[in-house]
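Here's the structure, in structure tokens; my notes come after.
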Amino acid sequence: MNLFGDAISWIFSGDSGQFDSIPVAIGVQLLYTVISVVIAAAIAVPLGWYIGHTGKGREIAVSISGAARAIPSFGLLILLTLLLGVLHKPEAAVISFVVLAIPSLLAGAYTGFEAIDRRVIDAGRSMGMTESQILWRIEVPLGLPLLVGGIRAATLQVLATVTIAAYIGLGGLGQYIIAAIPLRRFDILIGGALLVAVLALVIDGLFALLQHLVVPRGIRAAGATSPRARSARQRRAEALAVGAPASSTTS
């Protein structure tokens, strides 16, 4: 308990010593997270929407997502740093985090469309809506909650993994954990870990609220007046969006 007390005391002391101040470290942590998730979203979301709308390339997307999830982020970061050189360490870090974020974003984009009841889309077509209108007026609004779930998972994964960027001297909250080990400053080490955990919980809470808000009001009202168990398709889509095995949703 003394170690946790010392860690909390260090956090509120404002004495960062040889390290960056805590606000600066948090800013660096968030900066790399936001840049990486935005770039990954620009790649994965349009591709996921195309797959979900057309039904083409789903198997390839699943294979790519599975392969990307299997890549060790730390190993990729070191490899890219060696290949790009020490002058391009930020670029190496961003590429590593983008690769980490793409699977959850891609899955959230196309499973959001797959979870939509096909009868809704057929009704839109029967009303004379074009494919573009179906995409933006039906599929995107109804698929948005699962897309936000994918963004939420990707952001938390990247936020936690940005910690390793300190290993190549890029700062962030990871500097407290990595640099404190040889110094045997366990108060700083635990303090850094607590800061990462608290930041992740705050971000997760904000995304949970956002995920609730983006549910169309009609769907929210219908669910409140006549609550029913989610369909197997919806549960499977939610599991894929956050990277869980789809089989776990069918039990």
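Here the sequence shown stands for residues 1 to 251, numbered as in full-length UniProt numbering.
Every residue, glycine too, gets a C-beta built ideally from N, C-alpha and C.
{"Query": "Span separating the alpha-carbon of Ala229 from that of Ile102", "Result": "Reliability fails at Ala229, whose pLDDT of 45 lies under 50, so the model's placement of it is uncertain and the value that follows must be treated cautiously. Straight-line Cα distance between these residues: approximately 30 Å."}
{"Query": "Neighbour-count burial assignment, Ala42, 16 or more Cβ in a 10 Å radius", "Result": "exposed"}
{"Query": "Sequence-distant residues of the same chain with beta carbon closer than 6 Å to Ala180, five excluded per side", "Result": "Ile188, Leu189"}
{"Query": "Candidates Ile138, Asp204, Ala123, Val162, of which the one nearest Gln36 by Cα", "Result": "Just to set this straight, residue 36 is Ser in the shown sequence, not Gln. For Ser36, the nearest C-alpha among the options comes from Val162."}
{"Query": "C-alpha gap between Phe207 and Val148, whole angstroms", "Result": "7 Å"}
{"Query": "Proximity winner among Leu146, Phe186, Leu77, Ser21, relative to Thr111 (alpha-carbon distances)", "Result": "Leu146"}
{"Query": "As assigned by DSSP and simplified to three states, the class of Gln175", "Result": "helix"}
{"Query": "CA nearest to the CA of Ala61, picked from Gln133, Phe12, Ala107", "Result": "Ala107"}
{"Query": "Reduced DSSP secondary structure (H/G/I, E/B, other) of Ser247", "Result": "The pLDDT assigned to Ser247 is 47, lower than 50, so where the model puts this residue is not dependable, and the model offers no usable value."}
{"Query": "Straight-line Cα distance separating Glu139 from Gly52", "Result": "9 Å"}
{"Query": "Runs of alpha helix (DSSP H) wholly within the region 139-197 (minimum 4 residues, chain order)", "Result": "140-161, 174-183"}
{"Query": "Whether Ala165 touches Ala93 by CB criterion (7 Å)", "Result": "yes"}
{"Query": "Neighbourhood of Gly192 by C-beta, 6 Å cutoff - its chain only, sequence neighbours within 5 removed", "Result": "Leu173, Tyr176, Ile177"}
{"Query": "Assumed close pair Leu159, Gln29 - CB separation to whole angstroms, cut-off 8 Å", "Result": "7 Å"}
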